[in-house]
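Chemist: Just so it is clear: in the first sequence, position 319 is 323 by my numbering, and no numbers are missing. Where a beta carbon is used, it is the ideal one built from N, C-alpha and C, also for glycine. The structure follows.
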Amino acid sequence: MEAPSLPLAASRFLSPPVTAPSCTRPRSLPSIRAAPKALKKREAPQTLRTSPRRSAVAEVKAATDPVAALTRLEGVLQTQDCNIILRHYGEIRRWDVLSKIFGWMQEHDMLNIASYSSYFKYLGLSRNAAKVLQVYGAIQDNSIRVHVSICNSVLGCLVKNGRSDSTFKLYDEMIREGLSPDLFTYSTLLSGCMKLRQGYTKAMELINELNSRGLQMDSVIYGTLLAICASHNYCDEAEVYFQKLKDEGYTPNMFHYSSLLNAYSENSYHEKAELLMKDLRASGLTPNKVILTTLLKVYSKGGLFDKAKELLTELEASGFAQEEMPYCILIDALAKGGKIWEATMLFNDMKEKGVKSDGYAFSIMISALHRGGYREEAKKLAKEFEDQNATYDLVMLNTSLRAYCNTNDTESVMRMLKKMDEINISPDQITFNTLIRYFCKENVYHLAYKTIEDMHTKGHQLNEVLCSEVMVQLGEAGFPSEAFSVYCMMRYSKRTVCKSLHEKVLGILVPAGLLKDAYIVIKDNSDLISPRSLENFAGQFMTSGNINLINDVMKALNHSGWRISQDIFGRAIQRYIQKPDKKQLLLCLLDWMTGQGYSVDSSSRNLLLKNAQLFGQKQLIAEILSKQQAASRATGQRIKMSID
DNA sequence: GTAGGGTTAG
């Protein structure tokens, strides 16, 4: 597809919009009808109210075919009018019209900075990050590409769509191209830190950068930072920022308070939380639903169940417990605190009060029952949830799936998988691992194998413990090739695997006679394999492995640091004697042995000499053997001397 | 009338 070209020169974007002649009277012309002062005061609103541009905007907003209306009114509308229309369709979430209008504006050279910024903002809301990147990427003019508000809207779109990694990559690129970031940029980027694993560290980098550019943190930046501290469990730091915010003369709002309170809840700092509540009230704020719910979390996580119950009663009385969330918080804490009976009571209480569950309370209870070993009860709840025609998300599906798997309810397991397919939810690691465990337990190894393969293909990290278990079971069940395939998936999708994995797979491959595969394992990991397994493999390979690989296998074995036994060489020599056309390989082996200080034992020696005629190389073989003997005697002496 | 953030549950 061809990239849309940019119709306008940069200067047009960068200069302030020219006021329309139809709106304002040029100042240099004296007014005939009224005194300039009076006119100036009344002119703008009045002309706007009666302006043909204004009615044109209204006409496009009301049109059934907005693009046709635009074309009809092309002569009247100016860029800022089109921007109003563009934003209108963004506000009413008509994404198709939004894009059409933007396209029309582009074709008619009616884009400015504001058009791009607004368009990107709404595309972000419509979750269409790809389109934003496409349109942004097609902007040719560098001064537009690095315009701060355009950059901010593009970055904001990526952050909102959960693409934190690409946000920071794009930001670095924008900086290289010449972007001068402002506080908007930093608050956008900081919000991208929220979901990052190392979000706090990244946030600190950004704050340093902000300071080094001479910018001052404002209340928004502090708010974002507090939320980052809370979500990454930096409680002390949250406290410091909250104080700094106050010291710099800002008044904390409800969000600042609830973030700090949330940070306290993770560490069960209930005393600090209570002081903070006092501070909040003293500052004239009234605790809202979120604040009180967060306080409930403080008490619940801290194990202060009496206070939590009391607070829940208060929430109920204030009408703040009409949704399941406060119940979820307390139910979860009770269950995790070993009070599963009380958790169940509260859950039933909640249902009796007619509080509707979207699945959170159910999944908390199902998981809690499962953890406590109450598997049938967990399954009963999963069914109850299903029967109330509930909607599912991935977590709820996983929770129910596990409940059904653990009670061997195959029919329900299949129903869940079908549902997953129907509502187009992609499985995650938890789903895959649950299924793999289940199929394995049910001895349906081909399904366990297929699931692992599927998981691997979809780019998920395999669970090593589980998969090596499946690998061993596949081996025991008579599927060594599949076992090897699982080994390969684990081996080549992960940086490191447990050392014993190689040994385990050898234990399957060697008895099954899959010696070429076993050789691959040995070759890449020879230093991690025990002498016993090496011996086992070597013995088998010399007896029945591919004769053309014998010498390579010898080298790999030797490379491991393991001294190859004479028995192994004896077996190799027997193989070669049976195949005289491989004499070149035999000679190579004997030469190589000499070089490595190995020698054949007397029975192999005799066998070789007896059969040397078969090879037509009687003289040569005798020479090599005597050389080998001399070399090995010398080595023996060297070793003896060094021991002495 | 271009662009910013943040609070609670599995």
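In three-state terms, what does DSSP make of alanine 634?
Modeler: It is helical.
Chemist: Under a three-way DSSP split, which group does proline 291 fall into?
Modeler: Looking at proline 291 - three-state DSSP - the assignment turns out to be coil, as it is neither helix nor strand.
Chemist: With a CB to CB cut of under 6 Å and the five nearest residues on each side skipped, what residues in its chain are close to asparagine 410?
Modeler: For asparagine 410, where only same-chain residues beyond five positions count, the Cβ hits under 6 Å are Arg379.
Chemist: Within the same chain, show all residues whose beta-carbon is closer than 7 Å to that of serine 371, passing over the 5 residues directly before and after it, in chain order.
Modeler: Closer than 7 Å at Cβ, skipping near neighbours: Thr403.
Chemist: Please report the distance separating the alpha-carbon of lysine 282 from that of phenylalanine 259.
Modeler: Spanning the two alpha carbons is a distance of roughly 16 Å.
Chemist: Quick one, are the C-beta atoms of isoleucine 649 and alanine 207 less than 8 Å apart?
Modeler: Nothing can be reported for residue 649, as the shown portion of the chain is limited to 5 through 648.
Chemist: Between the C-alpha atoms of leucine 280 and leucine 308, what's the straight-line distance to the nearest angstrom?
Modeler: Straight-line Cα distance between these residues: approximately 17 Å.
Chemist: Check each candidate in Leu624, Phe619, Tyr602, Asn146 and name the one with the smallest Cα separation from glutamine 3.
Modeler: In this structure the chain extends from 5 to 648, so residue 3 is not present and cannot be described.
Chemist: Given glycine 376, which residues of its chain have a CB within under 6 Å of its CB, disregarding the five upstream and five downstream residues?
Modeler: For glycine 376, where only same-chain residues beyond five positions count, the Cβ hits under 6 Å are Ile344.
Chemist: So, under 8 Å CB-CB, leucine 90 and serine 122 are touching, yes? Tell me the CB distance rounded to an integer number of Å.
Modeler: That pair is a contact at about 6 Å.
Chemist: What do you reckon, are the CB atoms on leucine 315 and tyrosine 303 nearer than 8 Å?
Modeler: Closer than 8 Å, so yes.
Chemist: Using a 10 Å radius around the Cβ and a threshold of 16 neighbouring Cβ atoms, would you call isoleucine 295 buried or exposed?
Modeler: So isoleucine 295 ends up on the buried side.
Chemist: Is the Cβ-Cβ distance between phenylalanine 324 and lysine 357 less than 8 Å?
Modeler: The answer is no: Cβ separation not under 8 Å.
Chemist: Evaluate arginine 575 with the Cβ neighbour count: other Cβ atoms within 10 Å of its Cβ, from every protein chain shown; 16 or more gives buried, anything less gives exposed.
Modeler: Arginine 575 comes out buried.
Chemist: Which residues mark the beginning and the end of the alpha helix (DSSP H) in which threonine 500 is found?
Modeler: Neither: threonine 500 is in no alpha helix (DSSP H) and is coded neither H nor E.
Chemist: My parser needs the alpha helix (DSSP H) runs of 4 or more residues fully inside the region 123-209; what are they?
Modeler: You should have 133-141, 146-149, 152-164, 168-181, 187-197.
Chemist: Terminal residues of the continuous alpha helix (DSSP H) containing aspartate 458?
Modeler: Element bounds for aspartate 458: 449-461.
Chemist: Below 7 Å, is the gap between the Cβ of phenylalanine 573 and the nearest heavy atom of the ligand FAD?
Modeler: The model on display carries no ligand, and the ligand FAD is accordingly not part of it.
Chemist: Answer yes or no: do isoleucine 512 and alanine 542 have a C-beta to C-beta separation smaller than 8 Å?
Modeler: No, the Cβ-Cβ distance between isoleucine 512 and alanine 542 is not below 8 Å.
Chemist: Give the C-beta separation of alanine 321 and isoleucine 335 to the nearest angstrom, bearing in mind that I take them to be a contact with Cβ-Cβ under 8 Å.
Modeler: Contact flag wrong, Cβ pair sits at about 19 Å.
Chemist: How close, in whole Å, do the beta carbons of asparagine 87 and alanine 118 come, if the pair is a contact with beta carbons under 8 Å?
Modeler: Between alanine 118 and asparagine 87 the Cβ distance is about 5 Å, and since that is below 8 Å, they are a contact.
Chemist: Would you list, in sequence order, the uninterrupted alpha helix (DSSP H) runs of no fewer than 4 residues that lie entirely inside the region 55-105?
Modeler: With a minimum length of 4 residues, the continuous alpha helix (DSSP H) runs that stay inside the region 55-105 are 56-66, 70-76, 83-95.
Chemist: Look at isoleucine 551 and methionine 558 and say whether their C-beta atoms are less than 8 Å apart.
Modeler: In this structure, methionine 558 does not lie closer than 8 Å to isoleucine 551 by Cβ.
Chemist: For serine 184, I'd like the list of residues in its chain whose CB is within less than 7 Å of its CB, leaving aside the five on either flank, ordered along the chain.
Modeler: So the list reads Val152, once near-sequence residues are dropped.
Chemist: Going along the chain, which residues of its own chain have a beta-carbon closer than 6 Å to the beta-carbon of tyrosine 126, five neighbours each way excluded?
Modeler: Hits under 6 Å: Gly94, Leu102.
Chemist: What would DSSP say about methionine 558, mapped onto helix, strand or coil?
Modeler: Three-state DSSP puts methionine 558 in a helix.
Chemist: Tell me whether the beta-carbon of lysine 454 lies closer than 8 Å to the beta-carbon of aspartate 413.
Modeler: Cβ atoms of lysine 454 and aspartate 413: not closer than 8 Å.
Chemist: Rounded to a whole number of angstroms, what is the C-alpha to C-alpha distance between leucine 77 and alanine 234?
Modeler: Cα to Cα, leucine 77 sits roughly 52 Å from alanine 234.
Chemist: Give the DSSP-derived three-state secondary structure of phenylalanine 17 in the structure shown.
Modeler: With a pLDDT of only 32 at phenylalanine 17, under 50, the local geometry of the prediction cannot be trusted, and the value read off the model is given with reservation. Helix.
Chemist: State the Cα-Cα distance for the pair leucine 162 and tyrosine 245, rounded to the nearest angstrom.
Modeler: Roughly 27 Å separates the two Cα atoms.
Chemist: Just tell me which of Leu470, Lys276, Glu209 has its CA closest to the CA of cysteine 239.
Modeler: It is Lys276.
Chemist: Once you ignore the five residues that flank methionine 354 on each side, which residues in its own chain have a CB closer than 7 Å to its CB?
Modeler: Excluding positions up to five away in sequence, the list reads Glu328, Tyr331, Ala365.
Chemist: What's the C-alpha gap between aspartate 432 and histidine 460?
Modeler: If you take the alpha carbons of aspartate 432 and histidine 460, they lie about 11 Å apart.
Chemist: When you compare the region 605-623 with the region 575-594, are there three or more beta-carbon pairs, one atom per stretch, that lie closer than 8 Å?
Modeler: Result yes; three or more Cβ-Cβ pairs closer than 8 Å.
Chemist: Is it true that the CB of threonine 298 sits closer than 8 Å to the CB of isoleucine 266?
Modeler: At residue 266 the sequence reads asparagine, which differs from the isoleucine that was named. Their beta carbons are under 8 Å apart, which means asparagine 266 touches threonine 298 by this criterion.
Chemist: Whole angstroms is fine: what's the gap from phenylalanine 545's alpha carbon to phenylalanine 436's?
Modeler: Computed Cα separation, rounded: 37 Å.
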